[in-house]
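Q: Handing you this structure, nothing more for now.
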Ligand code: PA5
């Protein structure tokens with residue numbers, strides 16, 4: 006279950022101000038529930054925790070089992086933006102920190118990601134890895150035409166076709182139900198396919214096969230993840246001031262609009278949650294950053310980043326607030342021992358859990374940052390597991406819809422992403438971009 010604590014903001018905001026933004030967030034909540042706001046044809050994600058058909062879940066498990074039977078030990082997941090960040094976030098959160106280096110990997114294949122960059126070294130080194138391993142590939146693109154995954158897939162597909170005589174069994178595509186190059190190719194080649202529903206945008210798609218298939222193949226329980234998301238959903242459907250999504254949306258909009266807090270930093274205290282920050286940045290950045298408005302989403306992973314970004318957060322420009330992900334219980338237990346020499350002067354900690362030191366670092370940082378003018382929102386989960394990760398996904402998605410409507414923008418479009426693509430196509434000489442190409446050449450020659 007997801008809990009929220011706004012106590013770390015109380016010294017910065019007046020109760021009356023909060024009430025104003027709470028009312029705005031409640032109105033935005035109505036818009037999201039009534040489905041009469043901007044972008045309302047992209048609301049399919051709202052019911053995914055409850056209405057994902059058994060056929061999809063069993064289909065993901067069938068791919069996992071069939072690759073196990075082939076002895077697959079490496080799965081390359083190709084996708085960019087919303088087509089990979091959710092899966093990567095869940096897999097990193099749920100995996101052993103050193104899974105890649107352990108001799109006993111526990112049966113599941115290793116999952117690596119591609120198609121999220123245009124680095125030649127990256128794809129060349131991916132081929133080095135695939136040459137050594139028994140590989141399969143999941144290619145994900147809703148549009149089926151995005152350049153980065155299309156380039157990676159062309160290379161990976163060719164590699165798999167050369168190396169194996171059962172290539173079509175080793176490739177699964179997740180794309181539109183009827184249109185796009187990837188759909189056409191999949192039909193021609195007989196790949197197994199899953200559908201990205203029309204009414205679910207990329208950054209809201211982690212609970213569709215886009216996230217569910219890679220997470221299943223990596224060895225995790227998507228049934229528990231959907232159940233955790235459904236439990237949180239039930240809580241978020243309440244039109245009431247206690248609704249954590251309304252509280253989060255109200256407070257972050259208040260901090261932004263009234264206190265000039267233009268940057269929100271997602272703070273995590275567990276290295277496994279680094280990609281939660283990456284997923285969340287895309288979700289909020291693409292949903293809210295438009296029309297000249299929007300909080301800039303940033304992230305840090307503490308305590309490592311207390312030794313890099315800590316100085317700025319404590320004493321730099323006072324333009325940020327923090328949203329801290331608080332994990333109440335560790336899944337593992339490690340106690341600090343006694344050292345007879347005590348040269349490091351740490352015997353006062355003998356008998357303490359490492360987690361206790363982490364909790365005190367977290368609390369000490371909270372107090373210091375509040376003293377330094379940085380308000381803090383806290384989002385808590387009990388521990389890291391499939392259910393809580395599913396719950397966090399659903400919480401941040403729902404709160405994003407409420408928050409963007411509170412801000413007055415369409416949460417479900419991303420017109421700004423096209424600008425770089427047009428220039429890139431013109432520069433690469435793609436047919437149809439001749440006019441822009443000439444304009445760019447003239448601009449660059451000055
Ligand atoms: O959130 C979004 O819509 C985007 O980040 C897309 O997921 C991303 O651009 C990839 O698009 P596609 O799945 O069509 O290749």
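Residue numbers (my numbering): 6 to 451.
Virtual Cβ for every residue (Gly too), placed ideally from N, Cα, C.
Computed from a prediction, not measured in an experiment: that's the story for all the values here.
1) Would you mind sorting residue 221 into buried or exposed? The rule is 16 or more other CB atoms within 10 Å of its CB.
2) Tell whether a beta-carbon distance below 8 Å holds between residue 64 and residue 225.
3) At a cut-off of 7 Å, is residue 206 close to ligand 1 when judged by its beta-carbon and the heavy atoms of the ligand?
4) Given this structure, state the Cα-to-Cα distance separating residue 282 from residue 332, to the nearest angstrom.
5) So, is residue 300 buried or exposed, given that buried needs 16 or more other C-beta atoms within 10 angstroms?
6) State the CB to CB distance for the pair residue 296 and residue 394, rounded to an integer number of angstroms; the pair is presumed to be in contact (CB under 8 Å).
7) Flag this pair as yes or no: are the beta carbons of residue 37 and residue 406 separated by less than 8 Å?
8) DSSP on residue 132, reduced to helix/strand/coil?
9) If contacts are defined as beta-carbon pairs under 8 Å, then residue 340 and residue 358 qualify, I think. What distance do you get, rounded to the angstrom?
10) Just to confirm my understanding: we take residue 131, look at its own chain, exclude 5 residues before and 5 after, and list those with CB closer than 6 Å. What are they?
11) Among 174, 235, 212, 371, whose alpha-carbon lies nearest the alpha-carbon of residue 272?
12) Evaluate residue 431 with the Cβ neighbour count: other Cβ atoms within 10 Å of its Cβ, from every protein chain shown; 16 or more gives buried, anything less gives exposed.
13) Is the beta carbon of residue 330 closer than 8 Å to that of residue 11?
14) Measure the C-alpha to C-alpha separation of residue 328 and residue 367 and round it to an integer number of angstroms.
15) So, does the CB of residue 433 fall closer than 8 Å to a CB anywhere in chain D?
16) Please classify residue 313 as buried or exposed, where buried requires at least 16 other C-beta atoms within 10 Å of its C-beta.
17) Is residue 259 helix, strand or coil by DSSP?
18) Among 315, 81, 344, 404, which one has its Cα closest to the Cα of residue 369?
19) If you draw a straight line from the alpha carbon of residue 173 to that of residue 422, how long is it in whole angstroms?
20) Any idea which residues DSSP pairs residue 270 with across the strands?
21) Using the DSSP secondary-structure output, state which residues sit across from residue 9 in a beta bridge.
22) Looking at the structure shown, is residue 215 part of a helix, part of a strand, or coil, going by DSSP?
23) Taking buried to mean at least 16 other C-beta atoms within 10 Å of its own C-beta, is residue 147 buried or exposed?
24) In the DSSP assignment, what are the bridge partners of residue 79?
25) Roughly how many angstroms lie between the CA atoms of residue 189 and residue 121, to the nearest whole one?
26) Out of curiosity, what's the CA-to-CA distance linking residue 215 and residue 446?
27) By the three-class DSSP mapping on this structure, what secondary structure does residue 358 have?
A: Reading it off the structure:
1) buried
2) no
3) yes
4) 15 Å
5) buried
6) That belief does not hold up - the Cβ atoms of residue 296 and residue 394 are roughly 32 Å apart, past 8 Å.
7) yes
8) helix
9) 6 Å
10) 119
11) 371
12) buried
13) no
14) 12 Å
15) Considering every chain present, this structure includes no chain D. It has just one protein chain.
16) exposed
17) helix
18) 315
19) 32 Å
20) 303, 327
21) 384
22) helix
23) buried
24) 115, 140
25) 22 Å
26) 38 Å
27) strand
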